[in-house]
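Participant: Right, I'll just put the structure down here and ask away after.
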């Protein structure tokens, strides 16, 4: 899906993300929206687009939010020479409230940065 076709605004961030049971090292969030996120991992690994996964988000200190888990479903995978990017849809799960607050905080920080510029 092209950036112009997205319905929800996306916010850049650099938080760690762990895909439970599938990747030895954590990846990091490149951007988030209310409905999904893009995560970059340093290694390529097999992922099934039909399965649901548990993604643990470890937000940066400035957000004030502790780590939380989400149920996600991969929408696309892009393998590069030295990394793997995965676009996840966030499904209804116990961590969804923390995630929504996290996205709100990133949106607020983005607005503050624009006002300061």
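Residue numbers (our numbering): 72 to 188. Quick reminder that beta carbons are idealized off the backbone N, C-alpha and C, glycines included.
#1: Please check the pair residue 129 and residue 170, which I expect to be a contact at CB under 8 Å, by giving their CB distance rounded to whole angstroms.
#2: Per DSSP, residue 167 is paired with what?
#3: Please state whether the Cβ-Cβ distance between residue 167 and residue 145 is less than 8 Å.
#4: On the CB-based measure, 16 or more other CB atoms within 10 Å of its CB, does residue 195 come out buried or exposed?
#5: What does DSSP give as the partner residue(s) for residue 107 in the beta ladder?
Facilitator: Let's see:
#1: About 13 Å; that fails the 8 Å criterion.
#2: Bridge partners of residue 167: none, in fact.
#3: no
#4: Here the chain has residues from 72 to 188 only, and residue 195 is not among them.
#5: Answer is 160.
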